[in-house]
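A.B. asks: My structure is below; once you've seen it, I'll send some questions.
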Amino acid sequence: MPTTLPHLQPVAIPHSDQLSLWRDEFIFRLPGLPVMVQRNAQSDCAPHRHEFTEIVFILRGRGWHRFGELRKPLRPGQLLVLSGRQTHGFQDVEQLELVNVLLCRHFLRDHQRSLAAHPGIRRLFPHFPAPTATLAAPRLFQLAPDQLEHALALVHEMEVELRRLAPGFATVLNGLALELLGRLGRLATEHDGSPDTATLRRQQLHAVFALLEQRYGETLSLTLLAQTAHLSPRSLERHFREAAGLSPVQYLLQLRLTHAARLLRETALPVRELARRCGFRNLSYFARRFHHAAGLTPHRYRTTAMARQNP
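Mapping to my numbering: the sequence shown position 57 is 57, numbers consecutive.
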C-alpha cells in the first residue's frame with residue numbers, strides 16, 4: 001500500500017553562513033532516492049554551494065541571481081540551471097516563489113550514456129559529462145507560458161511519486177527526471193541560451209498590465225512599473241505605448257475611470273468613496289476627468305444608468 005515517509009517531507013536547508021557546502025544527505029535522506037522537489041518562498045541568500053544539481057523554475061516575484069560578480073534579473077517564467085558546486089546566491093528578492101527540482105550528485109553520471117545522445121543537454125550543462133562546474137556561469141532561460149506549464153506538469157508527477165512512495169517509485173522518478181531534462185534540453189537548443197526577444201517583451205509587459213489591473217487603486221509610479229518589467233522608465237514607456245496605444249499613465253487613468261463607472265452603475269457607494277477606491281485622491285479632479293471621458297458628471301451618469309436598469 002502506498003505510504004508517505006515523514007523523513008521525505010521538505011527540509012529547511014541550513015543558512016549559508018552556517019554551511020558553505022550543502023551536501024546531498026541534507027536532501028536525499030532515503031537511500032537510492034534520485035530526485036527531490038521543493039517549493040520555496042525564496043528570501044535573500046548569501047553565496048553558497050551544493051553537491052546536487054538544481055533546476056529552478058521561477059513562478060512569481062522578482063529578484064537578482066548572483067554568480068561571482070555577475071548579477072542577472074529574475075522574473076516569472078525563467079528556468080535557472082545550477083550544476084554541482086557552483087557558488088551562487090539571491091539578492092533583493094521580492095515575493096520570489098520557486099520550484100526546485102534537485103538531482104542527486106550521481107544522477108548525471110549514472111545516466112551519462114542516455115543523456116550524451118541528446119544535443120540539448122550540453123546547452124543545460126556546458127561542462128557535461130563532468131559532474132560539477134565551479135567556473136562556468138549557471139544557465140538562465142526564459143520559457144514561454146505553455147513551456148513552463150508542460151514542465152511543471154512533469155514536476156507535479158514527481159511530487160505525487162514522492163508523496164506516495166509506491167513500489168518502484170525510484171524507477172519512476174528517474175524516468176520523469178530524464179524526461180524533464182530531455183524536454184528542457186530541447187527548449188535550450190531552440191533558444192540557444194537566449195530568450196526570444198519578442199516573447200520576453202510580451203512577458204515583461206504582461207507583468208505590468210497585471211500589476212495595473214490588480215493595484216489600480218494604489219499610487220503606482222512609472223519607476224515601480226519599470227522595475228516590475230526590469231526595464232528603464234523610458235524603455236517601458238516606448239514599448240507600452242507600442243502595445244497599448246497609450247502611455248502607462250494614460251492607460252492607468254483609463255482603467256481607473258472604467259472601474260469607477262462600473263461602481264457607479266453597480267453599487268450605492270458615495271462618489272467620494274468609490275473615487276478613492278479607484279485611485280483618485282482628489283474628488284474634483286475625479287469629477288473633471290470622469291466628465292471629460294463620459295460626457296456626464298458622476299452623479300448624472302449614475303442616475304442615467306439606474307433609469308436604464310429600472311425603466
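Yeah, the Cβ is synthetic: ideal placement off N, Cα and C, and Gly gets one too.
According to the neighbour-count rule (16 or more other Cβ atoms, all chains shown, within 10 Å of its Cβ), is Leu30 buried or exposed?
C.D. replies: As a working mapping, residue 30 is identified with position 30 in the sequence shown. It counts as exposed.
A.B. asks: By the 10 Å Cβ neighbour count, where 16 or more other Cβ atoms means buried, how is Ala275 classified, buried or exposed?
C.D. replies: Residue 275 sits at position 275 when you count from the first residue of the sequence shown. With 16 or more other Cβ atoms within 10 Å, it is buried.
A.B. asks: Short of 8 Å in beta carbon distance, which residues of its chain neighbour Leu178, apart from the five on each side in sequence? Order them along the chain.
C.D. replies: Sequence index remark: in the sequence shown, residue 178 carries index 178 (1-based). The residues are His111, Ser114 and Leu115.
A.B. asks: Please list the terminal residues of the continuous alpha helix (DSSP H) segment that includes Gln227.
C.D. replies: Here the question's residue 227 lines up with position 227 in the sequence shown. Where Gln227 is concerned, the enclosing alpha helix (DSSP H) stretches over Leu222 to Ala229.
A.B. asks: Pick out whichever of His292, His206 and Arg272 has its Cα sitting closest to the Cα of Phe240.
C.D. replies: In the sequence shown, residue 240 corresponds to position 240, counting from 1. Nearest C-alpha to Phe240: His206.
A.B. asks: Can you confirm whether the segment 33-50 touches the segment 92-108 when touching is taken to mean that 3 or more C-beta pairs between the two stretches lie within less than 8 Å?
C.D. replies: They touch, by the three-pair rule.
A.B. asks: With DSSP run on the structure shown, which of helix, strand or coil describes Phe90?
C.D. replies: For the purposes of this step, residue 90 is taken as the residue at position 90 of the sequence shown. Phe90: strand per DSSP, three-state reduction.
A.B. asks: Would you mind stating whether Leu102 and Val35 have Cβ atoms separated by less than 8 Å?
C.D. replies: Numbered from its first residue, the sequence shown carries residue 102 at position 102. Numbered from its first residue, the sequence shown carries residue 35 at position 35. Yes.
A.B. asks: Assign Arg302 to buried or exposed, taking buried as 16 or more other Cβ atoms, counted over all protein chains shown, within 10 Å of its Cβ.
C.D. replies: To locate residue 302, count along the sequence shown from 1; it is residue 302. So Arg302 counts as buried.
A.B. asks: Taking contact to mean 3 or more Cβ pairs, one atom from each stretch, closer than 8 Å, check whether the segment 215-233 and the segment 241-253 are in contact.
C.D. replies: A contact exists between the segment 215-233 and the segment 241-253.
A.B. asks: What three-state label does DSSP hand Glu51 in the structure shown?
C.D. replies: Position 51 of the sequence shown, counted from the first residue, corresponds to residue 51. Reduced to three states, the DSSP call for Glu51 is coil.
A.B. asks: Taking the CB atoms as reference points, tell me whether Arg49 and Gln86 lie closer together than 8 Å.
C.D. replies: For the purposes of this step, residue 49 is identified with residue 49 of the sequence shown, where counting begins at 1. For the purposes of this step, residue 86 is identified with residue 86 of the sequence shown, where counting begins at 1. Yes, they are a contact pair.
A.B. asks: Once you ignore the five residues that flank Arg71 on each side, which residues in its own chain have a CB closer than 8 Å to its CB?
C.D. replies: On the sequence shown, position 71 is the one that residue 71 refers to. Trp64, His65 and Gln91, listed in sequence order.
A.B. asks: Jot down the residue ranges of each uninterrupted alpha helix (DSSP H) in the segment 58-119, minimum 4 residues, whole runs only, in chain order.
C.D. replies: Whole alpha helix (DSSP H) segments, 4+ residues: 107-110 and 112-116.
A.B. asks: Within its chain, find whatever has a CB closer than 6 Å to the CB of Arg265; leave out the 5 residues flanking it on each side and keep chain order.
C.D. replies: Position 265 of the sequence shown, counting from 1, holds the residue named residue 265. Around Arg265: Ala305.
A.B. asks: What three-state label does DSSP hand Arg139 in the structure shown?
C.D. replies: As a working mapping, residue 139 is identified with position 139 in the sequence shown. Strand.
A.B. asks: Tell me where the beta strand (DSSP E) around Ala268 begins and ends.
C.D. replies: To locate residue 268, count along the sequence shown from 1; it is residue 268. Run containing Ala268: none; DSSP gives neither H nor E here.
A.B. asks: Residue range of the beta strand (DSSP E) that Arg39 falls in?
C.D. replies: If you number the sequence shown from 1, residue 39 lands on position 39. That run of the beta strand (DSSP E) goes Val35 to Gln42.
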